[in-house]
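For reference, the structure is listed below as structure tokens.
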């Protein structure tokens, strides 16, 4: 998909993310009932409401492009292998942050082509922040007052600013961070960690634990648009839909 085609769908994509965020906030303001999936991960009415809104919106926007959502992920590998371009969606990334009412949960919508995220939208329902972009379009942020600014990664200052997950900081990650020497530790939830690098507020995010492809793809596109990158611990670019599993390998997101 060329730059003009990507640019053309961004306004409606932001509207879809906004509608999903509004549905999430309706549940957020109530007593939240929780169910658990087979892998013991939590799911709420907010996840499902956002899922249906995004599925309907993307189907109208690009009717011939398949959609893989966390809440409808049981698509055979034999089918996914045929996909050159598809949507990859996490309707509510950071369900634990949602349940803890920290506000640091997001709506993630990514367009994948040839295994690479070419466009991503990340919205933060509680704050009204939107991040979007990709390598072809650059990366952008719109705050609650409506001001749009371009995002660029920034080089580290005196100390490397290293992001850590609020809910998934394991011993392997701690050991990796310790080897970096003196650092400034920055905490954030959900895909906001990758967005923090894109907007120049952090430099490095080592993820040496399990994540799913829909957790990273949208913010990954934004980071690419801002001049950053994500690579596996072996140094290879992080790609999508390469194997039957929908789990990412361990990776490092960085400012360059």
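In the UniProt record's numbering, the protein residues as written are 1 to 256.
Each residue gets a CB set at the ideal place from its N, CA and C atoms; glycine is no exception.
Judged by DSSP in its simplified three-state form, residue 7 adopts helix. In terms of CA proximity to residue 204, 231 leads the group 231, 170 and 126.
In this structure, residue 135 sits away from residue 159, with a CB-CB distance that is not shorter than 8 angstroms. In the DSSP assignment, the residues bridged to residue 129 are 124.
Beta-bridge partners assigned by DSSP to residue 251: 207 and 232.
With contacts defined as CB atoms closer than 8 angstroms, residue 142 and residue 113 fail to qualify as a contacting pair. Close CB contacts of residue 6 within its chain, under the 7 angstroms cut and outside five residues either way in sequence, are with 118, 119, 134, 136 and 137 (chain order). The beta carbons of residue 35 and residue 27 sit no closer together than 8 angstroms. Our two residues, residue 2 and residue 171, have alpha carbons roughly 43 angstroms apart in a direct line. Taken atom to atom, the span from the alpha-carbon of residue 239 to that of residue 214 is near 12 angstroms. For residue 240, the secondary structure class from DSSP, reduced to helix, strand or coil, is coil. If the five residues before and after residue 211 are omitted, its C-beta is found closer than 6 angstroms to the C-beta atoms of 248, all from its own chain and listed in chain order. Within the same chain, and ignoring the five residues on either side of residue 176 in sequence, the residues whose Cβ sits closer than 8 angstroms to its Cβ are 206 and 208.
Distance from the CA atom of residue 217 to the CA atom of residue 191, rounded to whole angstroms, is 9 angstroms.
Beta-bridge partners assigned by DSSP to residue 106: 93.
DSSP places residue 165 within a strand segment (E or B) once states are collapsed to three.
Three or more pairs of CB atoms, one per stretch, sit closer than 8 angstroms, so the stretch 8-21 contacts the stretch 59-77. For residue 70, there is no enclosing beta strand (DSSP E), since its DSSP letter is neither H nor E. Residue 87 and residue 97 have their C-alpha atoms some 24 angstroms from each other.
Setting aside the 5 residues that flank it on each side, residue 246 is surrounded in the same chain by 73, 212 and 213, each with a C-beta closer than 7 angstroms to its C-beta; the list follows chain order.
Per the C-alpha coordinates, the member of 173, 196 and 108 positioned closest to residue 151 is 196. Under DSSP, residue 44 takes part in a beta bridge, and its partners are 34. 50 is the residue among 50, 242, 201 and 229 whose C-alpha sits nearest the C-alpha of residue 95. Under the DSSP assignment, residue 180 falls outside any beta strand (DSSP E); it carries neither an H nor an E label. Pairing residue 19 with residue 46 gives a Cβ-Cβ distance that is not under 8 angstroms.
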